[in-house]
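What follows is one structure encoded as structure tokens, with my remarks underneath.
In the numbering used here, the protein residues as written are 46 to 146.
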């Protein structure tokens with residue numbers, strides 16, 4: 046499995062300059078289709094995978110990215126995916142810059 050890091054490009058829907066972004070979060074990540082409670086339909090979701098003791102799942106270090114769309118791909122280096130995240134019952138535009146090491 047390739048190692049990757051994920052950097053969020055926005056904070057509460059506002060684009061951040063590269064110097065203002067939080068440190069990258071190590072992957073891996075998973076794409077799944079699940080029912081969104083407020084939208085009441087099945088949507089895709091990207092989540093950071095964290096396995097706990099005995100294979101249990103731990104919470105993701107950053108909010109899940111709902112309805113992800115691929116914006117750019119450089120196959121040997123990185124990709125940019127956009128969607129929305131939920132913080133405190135509010136939805137915010139978000140981008141994930143995913144870089145392979």
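Built from N, CA and C at the ideal position, the CB exists for glycine as well.
Give the single residue among 141, 134, 122 whose Cα lies nearest to the Cα of residue 84.
As a first step, residue 84 must be located in the chain shown, where it is residue number 39. Considering only 141, 134, 122, the residue with the shortest C-alpha distance to residue 84 is 134.
Whole angstroms is fine: what's the gap from residue 59's alpha carbon to residue 52's?
Residue numbering aside, residue 59 sits at position 14 when the chain shown is read from its first letter. Residue numbering aside, residue 52 sits at position 7 when the chain shown is read from its first letter. Taking the straight line from one Cα to the other gives about 14 Å.
Given a cut-off of 8 Å on the beta-carbon distance, is the pair residue 130 and residue 139 in contact?
On the chain shown, residue 130 is found 85 positions in, with the first residue counted as 1. On the chain shown, residue 139 is found 94 positions in, with the first residue counted as 1. In contact: residue 130 and residue 139 (Cβ atoms closer than 8 Å).
Please state whether DSSP places residue 114 in a helix, a strand or coil.
For the purposes of this step, residue 114 is taken as residue 69 along the chain shown, with counting starting at 1. Taken through DSSP and simplified to helix, strand or coil, residue 114 comes out as strand.
Rounded to the nearest angstrom, what separates residue 66 and residue 82 at their Cα positions?
As a position in the chain shown, residue 66 is number 21, starting the count at 1. As a position in the chain shown, residue 82 is number 37, starting the count at 1. Cα atoms of residue 66 and residue 82: separation of roughly 29 Å, rounded to the nearest angstrom.
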